[in-house]
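Using this note's numbering, the letters of the sequence shown correspond one by one to residues 40 to 343.
Structure first, commentary second.
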Amino acid sequence: MKWDNSLLDMTSCRLCPRNCGADRTKRRGYCGEKAVLRCARAALHHWEEPCISGTRGSGTVFFSGCNLRCCFCQNYKISQEGTGKELSPENLADIFLRLQEQGAHNINLVTAGHFLPAVLKALELAKPRLHIPVVYNCGGYEKPEVIEILKDYVDIYLPDLKYFSPVLSSRYSGAGDYFSVASQSIATMISQTGNPVFDEEGLLKKGVIIRHMVLPGSRKDSSAVLHWIKDNLPEGSFLLSLLSQYTPFYKSSQYPEINRRLTTYEYNKVLEEAISLGLTQGFMQEKSSAKEEYTPPFNLEGLE
Ligand code: SF4
């Protein structure tokens, strides 16, 4: 098996930059999960970027747990409160194929990194019959070595680049090294996929979409993120998705500065900066898009 790698050893887990060393055959790591695969929903999803959702939807599988555990997480019920159902890799492979049968444009793995060994096994099982692209949708806090392992399995990466400042990443996600890790991972993703490739219907077949959600009161940090992108990533090698949907979910009320929605002024200033830097290949959101429709019901749909 190509993925026989000490990185995938669940008895002393160092899969992600947390490097917990947890024996996940016995206990949970920082990500909140043992080695057994758990998911909370597998269904067609229409709320990703248009080149991912298309007309029929993205075949989205939401995994339980998360290695970032952001205080404002909109998916906190699955990322931090434990909602989910145990599955075998064989179950997951069947789920991928069922989503394909339902017309999914792609298989969209949301926060799958901490289950990598089982997910790779499922992808390997499904591979002979899976003809749609596989999307790896993550918070960006991934080891570049893990991205290397995904090379033969993933066609599209959808990483966040959430923060530049270690102060912010430490405060909201408990990860002071977030930017140094995420920036390296994203560069690895881009060198792996090459420039974005679309099909005749405008759906993405290969490439990287970098997502940045503007946070209330953090325009300067967004500006630093945009400048890093401009100065370090080759033009035309990625798409940028600038998100305005921030809503104070979960523990945001404990952080007064982010316990509010983003203003139109804040979002527009960041957008203007992206445009002035020439970062115009990608997507922007209507400011009215901070709606709960972006959070699907985590009701175990599609996991039978
Ligand atoms: S995947 Fe989970 S257990 Fe493994 S190092 Fe990361 S947070 Fe720790």
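C-beta: ideal position from N, C-alpha, C; glycine also.
Quick caveat, the model's predicted, so the values are computed rather than measured.
Judged by the Cβ position, Tyr304 fails to qualify as a neighbour of ligand 1 at the 7 Å threshold, every heavy atom of the ligand being at least this far. Our two residues, Cys55 and Asn106, have alpha carbons roughly 7 Å apart in a direct line.
Short note on Tyr69: C-beta closer than 7 Å to some heavy atom of ligand 1.
Within its own chain, the residues whose Cβ lies closer than 7 Å to the Cβ of Tyr196, once the five positions on either side in sequence are excluded, are Tyr175, Met228, Thr232, Val247, listed in chain order. Shortest Cα-Cα distance from Ser292 to any of Leu148, Cys110, Leu126 involves Cys110. With a cut-off of 7 Å, the C-beta of Leu189 is classified as distant from ligand 1, since no heavy atom of the ligand falls inside that distance. Relative to ligand 1, the beta carbon of Cys52 is positioned inside 7 Å of a heavy atom. Excluding residues up to 5 positions away in sequence, Lys244 lie with their Cβ nearer than 7 Å to the Cβ of Asp238 in the same chain.
Under DSSP, Phe101 shares a beta bridge with Arg80, Val149. CA-to-CA, the gap between Gly215 and Leu131 works out to about 33 Å.
Within the model, the alpha-carbon separation for Ala74 versus Ala82 is close to 23 Å. Between the alpha carbons of Gly275 and Thr319 lies a distance of about 10 Å. Each of Gln284, Ser262, Asn298 was checked against the Cα of Ile314, and the nearest Cα belongs to Ser262. Three or more beta-carbon pairs separated by less than 8 Å are not found between the region 88-98 and the region 179-186, which leaves the two stretches without contact. Around the beta carbon of Asn145, 16 or more other beta carbons sit within 10 angstroms, so the residue counts as buried. Around the beta carbon of Asp194, 16 or more other beta carbons sit within 10 angstroms, so the residue counts as buried.
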